[in-house]
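> All the letters of the sequence shown, read from the start, carry residue numbers 3 to 382 under the numbering used here.
Glycine included, each C-beta is placed from N, C-alpha and C at the ideal position.
Take a look at the following structure, please.
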Amino acid sequence: MNPLFEQMPTSVFERMSLAATEHGAVNLGQGFPDFGWPPEILAQAAEALLHQSNQYPPSRGLPRLREAVADHYRRHQGLALGSDHVVVTSGATEALAAAILALVEPGDEAIIFAPAYDAYAPLVRRAGGVVREVKLAAPGWRIEEQAVEAAVSDRTRVIIVNNPHNPTGRLFGRDELQAIAAVAQRHDLIVITDEVWEHLLLGSEPFVSMAALPGMAERTIKCGSAGKIFSLTGWKIGWLVAPPGLARVLTRAHQYLAFASPPNLQQAVAWGLAEGDAWLAPMRARFARGRDRLAAGLAAAGYAVLPSEATYFCCVDLAASGLAPDDEAFAQAAVEQAGVAVIPLSPFYEEAPERGFVRLCFGKQDATLDAGIAAMTKAR
Ligand code: PMP
Ligand code: GLN
3 MNPLFEQMPT
13 SVFERMSLAA
23 TEHGAVNLGQ
33 GFPDFGWPPE
43 ILAQAAEALL
53 HQSNQYPPSR
63 GLPRLREAVA
73 DHYRRHQGLA
83 LGSDHVVVTS
93 GATEALAAAI
103 LALVEPGDEA
113 IIFAPAYDAY
123 APLVRRAGGV
133 VREVKLAAPG
143 WRIEEQAVEA
153 AVSDRTRVII
163 VNNPHNPTGR
173 LFGRDELQAI
183 AAVAQRHDLI
193 VITDEVWEHL
203 LLGSEPFVSM
213 AALPGMAERT
223 IKCGSAGKIF
233 SLTGWKIGWL
243 VAPPGLARVL
253 TRAHQYLAFA
263 SPPNLQQAVA
273 WGLAEGDAWL
283 APMRARFARG
293 RDRLAAGLAA
303 AGYAVLPSEA
313 TYFCCVDLAA
323 SGLAPDDEAF
333 AQAAVEQAGV
343 AVIPLSPFYE
353 EAPERGFVRL
363 CFGKQDATLD
373 AGIAAMTKAR
């Protein structure tokens, strides 16, 4: 038995969702919204399921979807892409797995930023690589070029960055992305950029893709997710975007992970990327209202809520809220005794975890948020 899997803990998202079900708690933990998708996309999927596509599509993805992804990013992010840059995957999770397995050889080092989305480090280890963690200082969570530079060694192969950032809700600024780009170019590294939250922007700041920075298109692998863009997290249609030569290798890595992804959902996503632009701004406004409602309710209950610029998450600073900075203990008591599931941030760290923060999901109907706020009021 491979000890990597034998000793691997259950993901914090799964753990907290199971606890929410067990205790009948409001689930503000795992990030899934209970609204927010364009209704027509469901009809498109149903039509494709009933009348069109149910057999293996090409492993690389339906040409229609690959073209739609390329076109979407040409229009929204100014990326110079064609369908030969795109590989469709089973969610961004598989995209990340394919990218990491394709790039990281045994002994290679991968730089990640902590708190880091929980999939990165286990995937690097699965490839035989070594994780080098750069800690973002709480509560500002800024990326500093010196810290990235200091993490580079002669074995460094990739930098993995997530923008907008889960779990903090930060939208990294152009200067912070530029800092990563400078280090990558100086040391000839590839950047894997997990941009699944690219459309979940809650303020006026625009999103800048890593691949749009000067000199970065040729050394960037971008991961995207229809589950996030269309608030349909169970759909598990994602993609990789990379220079064509690299995309060919990524296709090989994808070939023996999932081989292909459901063609009917690919059809619907292709439709959504091409036709769904008018729905993006109202969707953002609706999520921003959810953030404001949850943040105001938590503040009224005495919690110190950190700003959230993107995603559907915000974090609470336990010490600044006058509580013991033990995120796991808080989350456990909240779900068991107060009836609300939240996500502790310590599982997002490799070393010396930051224990003072929990994450809450505001992508919920008002009634759910209000029930969550009432339970959080009880939890302190
Ligand atoms: N990366 C990040 C940062 C995420 O937050 C998520 C899911 N919430 C994923 C990847 C996985 O996306 P998917 O469900 O498309 O596999
Ligand atoms: N990405 C989701 C979150 O942050 C969870 C995804 C999962 O459960 N694997 O909550």
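Please classify Arg68 as buried or exposed, where buried requires at least 16 other C-beta atoms within 10 Å of its C-beta.
With 16 or more other Cβ atoms within 10 Å, it is buried.
> Would the beta-carbon of Ala123 fall within 8 Å of that of Leu103?
Their beta carbons are not under 8 Å apart, which means Ala123 does not touch Leu103 by this criterion.
> Is Ser411 near the ligand GLN, with its Cβ less than 7 Å from a heavy atom?
Outside the modelled stretch of the chain, which goes from 3 to 382, sits residue 411, for which no answer is possible.
> What's the C-alpha gap between Ala340 and Glu330?
For Ala340 and Glu330, the distance between alpha carbons rounds to 14 Å.
> Tell me which same chain residues have a C-beta within less than 7 Å of the C-beta of Ala270, skipping the five on either side of it?
Excluding sequence neighbours, Ala270 sits near Ile43, Gln46, Ala47, Ala50.
> Measure the Cβ-Cβ separation of Arg134 and Ala272 and say whether it is below 8 Å.
No, these two residues do not count as a Cβ contact at 8 Å.
> Taking only three categories from DSSP, how would you classify Trp281?
Trp281 falls in the helix class under three-state DSSP.
> To which residues does DSSP link Lys137 through a beta bridge?
According to DSSP, which records beta bridges pairwise, Lys137 is partnered with Ala116.
> By a C-beta neighbour count over all protein chains shown, 10 Å radius and 16 as the cutoff for buried, is Gln268 buried or exposed?
Gln268 comes out buried.
> Can you tell me where the alpha helix (DSSP H) holding Arg250 begins and where it ends?
246-257 is the span of the alpha helix (DSSP H), which, as asked, contains Arg250.
> Excluding the 5 residues preceding and the 5 following Arg293 in the sequence, name in chain order all residues of the same chain whose CB lies nearer than 7 Å to its CB.
Leu204, Ser310, Cys316, Phe364.
> Could you give the uninterrupted runs of the beta strand (DSSP E) lying entirely in the stretch 165-198, keeping only those of 3 residues or more?
DSSP runs (the beta strand (DSSP E)) wholly in the stretch 165-198: 192-196.
> Is it the case that the Cβ atoms of Ser19 and Gln32 are separated by a distance below 8 Å?
For Ser19 and Gln32, yes; Cβs fall inside 8 Å.
> In terms of residue numbering, what span does the alpha helix (DSSP H) encompassing Leu20 cover?
Residues 14-25.
> So, using beta-carbon positions, are Trp241 and Thr95 closer together than 8 Å?
It is not a contact, given that the beta carbons lie outside the stated cut-off.
> Contact check, Phe383 vs Gln257 under 8 Å by CB: the rounded distance?
Nothing in the structure corresponds to residue 383, since the chain is present only between 3 and 382.
> Pick from Pro264, Pro208, Ala228: whose alpha carbon is nearest that of Leu64?
Minimum Cα distance to Leu64 is reached at Pro264.
> Taking 8 Å as the threshold (C-beta atoms), are Val150 and Val185 in contact?
Yes, they are a contact pair.
> Return yes when at least one heavy atom of the ligand GLN lies under 7 Å from the C-beta of Asn29, else no.
No, Cβ of Asn29 sits at least 7 Å from all heavy atoms of the ligand GLN.
> Please state whether DSSP places Asn29 in a helix, a strand or coil.
Reduced to three states, the DSSP call for Asn29 is strand.
> What whole-angstrom Cβ distance do Gly93 and Ile239 have, given they're in contact under 8 Å?
About 7 Å; that satisfies the 8 Å criterion.
> Spell out the partners DSSP gives Gly374 in its beta bridges.
Bridge partners of Gly374: none, in fact.
> Can we count Glu16 as close to the ligand GLN, meaning its CB is less than 7 Å from some heavy atom?
Answer for Glu16: yes, Cβ within range of the ligand GLN.
> If I follow the unbroken beta strand (DSSP E) through Leu223, where does it start and stop?
Strictly speaking, residue 223 in this sequence is Ile, with Leu absent from that position. Counting along the chain, the beta strand (DSSP E) containing Ile223 begins and ends at 222-227.
> Among the residues of its own chain, which have a CB less than 8 Å from the CB of Arg76, if the five just before and after it don't count?
Excluding residues within five positions, the ones whose Cβ falls inside 8 Å are Ala82, Leu83.
> Flag this pair as yes or no: are the beta carbons of Ile113 and Ile161 separated by less than 8 Å?
Yes, the pair counts as a contact, with Cβ atoms nearer than the cut-off.
> Under the rule that 16 or more other beta-carbon atoms within 10 Å means buried, what is Ser100, buried or exposed?
Correcting the residue type first, residue 100 is Ala in the shown sequence and not Ser. With 16 or more other Cβ atoms within 10 Å, it is buried.
> Can we count Tyr119 as close to the ligand PMP, meaning its CB is less than 7 Å from some heavy atom?
Yes, the ligand PMP has a heavy atom inside 7 Å of this Cβ.
> Relative to the C-alpha of Asn4, which candidate in Glu356, His25, Arg127, Phe15 has its C-alpha closest?
Ranking Glu356, His25, Arg127, Phe15 by Cα distance to Asn4 puts Arg127 first.
> Grouping DSSP H, G and I as helix and E and B as strand, with all else coil, what is Phe289?
DSSP places Phe289 in helix when its eight states are reduced to three.
> Any heavy atom of the ligand GLN closer than 7 Å to the Cβ of Ser233?
For the ligand GLN, not one heavy atom lies less than 7 Å from the Cβ of Ser233.
> Nearest-angstrom Cα distance between Cys225 and Arg254?
Their backbone Cα atoms lie some 16 Å apart in a straight line.
> Does the separation of the CB atoms of Val106 and Val243 fall below 8 Å?
Cβ atoms of Val106 and Val243: not closer than 8 Å.
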